[in-house]
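Note sheet for the following structure.
2 protein chains.
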Amino acid sequence: MNIIDNIKGASIKRSVDSGTEEQRRAVQAIIAEVKKAGDDALHRLTEKFDGVHLESLAVTRDEIEDAFSGLDPELITIIEEAACNIRDFHEKQKRPSWFETKADGTMLGQKMTPLDSVGVYVPGGTAAYPSSVLMNVLPAKVAGVERIVMVSPPGKDGKIPAGVLVAAEIAGVKEIYKVGGAQAVAALAYGTESIASVDKITGPGNIYVALAKREVFGDVDIDMIAGPSEIVILADGHQHADEIAADLLSQAEHDVLASAVLVTDSSELAEKVSREVEEQLSSLPREGIARRSIEEYGTIYVVDSMEEGVEVVNDLAPEHLEILTAHPFETMASIRHAGAIFLGRYSSEPVGDYFAGPNHVLPTNGTARFSSPLNVDEFMKKTSIISYSEAALKEHGDKIAKLARLEGLEAHARAVEIRFKGEK
Amino acid sequence: MNIIDNIKGASIKRSVDSGTEEQRRAVQAIIAEVKKAGDDALHRLTEKFDGVHLESLAVTRDEIEDAFSGLDPELITIIEEAACNIRDFHEKQKRPSWFETKADGTMLGQKMTPLDSVGVYVPGGTAAYPSSVLMNVLPAKVAGVERIVMVSPPGKDGKIPAGVLVAAEIAGVKEIYKVGGAQAVAALAYGTESIASVDKITGPGNIYVALAKREVFGDVDIDMIAGPSEIVILADGHQHADEIAADLLSQAEHDVLASAVLVTDSSELAEKVSREVEEQLSSLPREGIARRSIEEYGTIYVVDSMEEGVEVVNDLAPEHLEILTAHPFETMASIRHAGAIFLGRYSSEPVGDYFAGPNHVLPTNGTARFSSPLNVDEFMKKTSIISYSEAALKEHGDKIAKLARLEGLEAHARAVEIRFKGEK
């Protein structure tokens, strides 16, 4: 790994693939086709891109049952336990509507309402992750979204992987369609004969899916467009180099664009971790991917003090942050920007990817400066409630009219005054 | 007004101005120029677009004091009272960080952190609204944002209107720059010698400002791109036609694209309101604008029952909704989609625009299906906290490793197992 001990502005920002003009036009054409031809277009595009002819897009009960029979029962139990943890954590994010009343009879409040419907995109192939199904579906479910639709491209065999279907069933998804790519996003945004449109689309996907989400944004809501994954580990000299190396590699194996960073005040630890990474790399099944990620985006920053280390972390604003110090909770208090923080030796990052409960959909590429993990709020909207009494409007009406006239909006002033027109 | 008594799918969606290719290129060129030449570019572009040469972009203490001397002291007191109400309401939206601990020593939580810095755009000319300053700045202030920067284009006299400066001072803004348009957005996103960059940009603006916000989105966060304003009034036959007409017109005077809609089960009320609108229109200073809005987007839907009326409202998903029924609170319970709801005769919509406390920045154009009023959450981000104990990782580590292997991510499994490698 690249060891840097003279830091001038740390950053893990990588250039985001925003697609070529050609890809954008292709996506626009697909969306137009789905808008025009509906299910026919979906079947045609699925044959073209997924190389499979489907009688029906909807996943049947039989397919769900086959998925359960096809999966190790122990794994099913583990997925259920993970779902339970994720549900519990997200329940705590849920907020009730509230109201306040004032002596003059005024009532103000905020009404919380779940979205009517949400579509979850699940990628196909090797990126078909059951954990991703749980993390995208359960916050919507906890929010109270009535209709949750899942879409995922079928394999050459016309099927969706068993793990994904099992996770969807456990999460409570009642509608699943075998369709992927920009055509799936278009169907979710505008509806077809068999897929009714939704209000929000979430979930990761390739560049075509990301571009399609950008195109339909505004007509429906979308979640963030996620970039490649990152981990930053902030460790003092007393930590275990082998464990740190393993955690860095767990991030690096995701993607050649993934970024694994160690920040430490110990050059001895820096050297040890660098050697450990090299040693562990060679026995990994995904060695090729992990090696390229480490070579390109793996960095060890050696800082003068842990205080400087905290500053570097805040500059990086990482998706995942592990804090390995004598007093990790105290260190945490100084961290302003991170998607998720893992405290202490036994909070290895994969604990959060799969099982602990908090969401693994996190802000990447420095956007933790202003973005949050996927959460229940994103599947609910707020409505402001204003109820003024006669006494309240009598007392404050003149002020409101004055403010309106200051802004040159006479009809606003008159709307208030007309309530009392006979009385003055 | 256009009275419709046979409703087939109500909608207030208007085509949103997403700018021409030429406008987009102009905005991209301006952003590139500001990135390259900084303050020099800002001065040059201000001379070009605002027709004024400025010695310094920053608003001085003297200018603030002049603004206070230039405004009616009673108005200053009213703005202070409005600010107080807005602050109070938004304080109730604020949420603390939280943690939970489990018997095995696991601790999970959510840390709330305000954004470091926010830029607020305030339009110039006749759209320079003090109320808009309060509504954009105060949620950020309540969230705890340390640095709030305001930008607004100078008039031909090189000044920002007194009302806007007074509102900014009352809201607690410490940095104000006289710069507008796409160049102001670029300065906020990327920084210049005199304006340090921010993490999020909010506030309304013309098409160039909107396009610039879209361009910089991702590098910084932005708020929603607001469309023209709307009001829907749901009223039964016992309500006051003159007051309803006045409220419809208060919306129509904003913009020729504004939409004012009445939904009622009484054709008698429909007729009365239509006549009242015509009568009141003729004496409005902004008659031209209001008349065009009413002619193009003003509609009265006559429904068979108030239940059907509620359905129509949910289809419209309005920015502002007034409920004028015998029991407005009961009616409200059935409303799923609205930005803000005004209950009863004394809650005329301008009450919310200026004074009551809830935000007047609301989702438009049907986006209340999935969006919320501007609120404190948008100026804070969440960070997930995960702390596993040795006992917890021992108990659950195997399950986590199994899930990782199901997804083909061996390094994830090993990161967990390496913690206990000597023990098995």
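Going down the list, the sequences are from chains E and S.
Taking the UniProt record's numbering as reference, the numbering of the first sequence is continuous, increasing by one, and the terminal residue is 424.
Taking the UniProt record's numbering as reference, the numbering of the second sequence is continuous, increasing by one, and the terminal residue is 424.
Each residue gets a CB set at the ideal place from its N, CA and C atoms; glycine is no exception.
Every value quoted in this text rests on a predicted model; they were computed, and no experiment measured them.
From the beta carbon of residue i, is the nearest beta carbon of chain E less than 8 Å away?
i: residue 174 of chain S; result: no
i: residue 246 of chain S; result: yes
i: residue 416 of chain S; result: yes
i: residue 165 of chain S; result: no
i: residue 407 of chain S; result: yes
i: residue 345 of chain S; result: yes
i: residue 217 of chain S; result: no
i: residue 255 of chain S; result: no
i: residue 403 of chain S; result: yes
i: residue 214 of chain S; result: no
i: residue 234 of chain S; result: no
i: residue 262 of chain S; result: no
i: residue 385 of chain S; result: yes
Is there a Cβ from chain S that is less than 8 Å from the Cβ of residue i?
i: residue 353 of chain E; result: yes
i: residue 493 of chain E; result: With chain E running from 1 to 424 in the structure shown, residue 493 of chain E is simply not present.
i: residue 126 of chain E; result: yes
i: residue 89 of chain E; result: yes
i: residue 154 of chain E; result: no
i: residue 83 of chain E; result: no
i: residue 113 of chain E; result: yes
i: residue 190 of chain E; result: no
i: residue 369 of chain E; result: yes
i: residue 68 of chain E; result: no
i: residue 381 of chain E; result: yes
i: residue 56 of chain E; result: no
i: residue 377 of chain E; result: yes
Using a Cβ-Cβ cut-off of 6 Å (strictly less than) and excluding sequence neighbours within five positions of residue i, which residues of its own chain qualify?
i: residue 13 of chain E; result: 365, 366
i: residue 140 of chain S; result: 118, 148, 379
i: residue 234 of chain S; result: 263, 309, 313, 323
i: residue 336 of chain E; result: 314
i: residue 298 of chain S; result: 1, 260
So, helix, strand or coil for residue i, using DSSP?
i: residue 356 of chain E; result: coil
i: residue 226 of chain S; result: coil
i: residue 119 of chain E; result: strand
i: residue 332 of chain S; result: helix
i: residue 221 of chain E; result: strand
i: residue 238 of chain S; result: coil
i: residue 151 of chain E; result: strand
i: residue 280 of chain S; result: helix
i: residue 320 of chain E; result: strand
i: residue 370 of chain E; result: coil
i: residue 262 of chain E; result: strand
i: residue 340 of chain E; result: strand
i: residue 346 of chain E; result: coil
i: residue 140 of chain S; result: helix
i: residue 293 of chain S; result: helix
i: residue 12 of chain S; result: coil
i: residue 196 of chain E; result: coil
i: residue 145 of chain S; result: coil
Measure how close the beta-carbons of residue i and residue j come, nearest whole angstrom, since I'm counting them as under 8 Å.
i: residue 211 of chain S; j: residue 201 of chain S; result: Actually they do not touch by this definition, with Cβ atoms about 13 Å apart.
i: residue 206 of chain E; j: residue 123 of chain E; result: 7 Å
i: residue 381 of chain S; j: residue 259 of chain E; result: About 20 Å; that fails the 8 Å criterion.
i: residue 343 of chain E; j: residue 332 of chain E; result: 6 Å
i: residue 195 of chain S; j: residue 177 of chain S; result: 6 Å
i: residue 150 of chain E; j: residue 175 of chain E; result: 7 Å
Leaving out five residues before and five after residue i in sequence, what residues of the same chain have Cβ atoms less than 7 Å from its Cβ?
i: residue 401 of chain S; result: 413, 416, 417
i: residue 24 of chain S; result: 211
i: residue 197 of chain S; result: 188, 189, 190, 191
Between residue i and the rest of its own chain, which residues show a CB-CB distance below 8 Å, the 5 nearest in sequence each way excluded?
i: residue 97 of chain S; result: 109, 110, 111, 112
i: residue 135 of chain E; result: 86, 359, 360, 361, 374
i: residue 37 of chain E; result: 44
Stretch-stretch touch, CB-based, cutoff 8 Å, three pairs: the stretch 216-229 of chain S with the stretch 269-276 of chain S: No, the stretch 216-229 of chain S is not in contact with the stretch 269-276 of chain S.
The stretch 327-347 of chain E contacting the stretch 380-395 of chain S, beta-carbon criterion three pairs below 8 Å: Verdict: yes, contact present.
Validate contact between the stretch 168-187 of chain S and the stretch 29-45 of chain S using beta carbons, cut 8 Å, 3 pairs: Contact between the stretch 168-187 of chain S and the stretch 29-45 of chain S is present, because at least three Cβ pairs lie under 8 Å.
Any 3 or more C-beta pairs closer than 8 Å across the stretch 125-137 of chain S and the stretch 397-409 of chain E: With a cut-off of 8 Å, the stretch 397-409 of chain E and the stretch 125-137 of chain S count as touching, because enough Cβ pairs lie within range.
Cβ contact check for the stretch 311-328 of chain E and the stretch 233-243 of chain E: 3 or more pairs under 8 Å: Remark: three or more beta-carbon pairs, one from each stretch, lie closer than 8 Å, so the stretch 311-328 of chain E and the stretch 233-243 of chain E are flagged as touching.
Cβ pair count under 8 Å reaching 3, the stretch 47-54 of chain S against the stretch 63-70 of chain S: The stretch 47-54 of chain S vs the stretch 63-70 of chain S: no contact.
Contacting positions in the stretch 22-44 of chain S - beta carbon closer than 8 Å to chain A: Checking the listed chains, one finds no chain A in this structure; the protein chains it contains are E and S.
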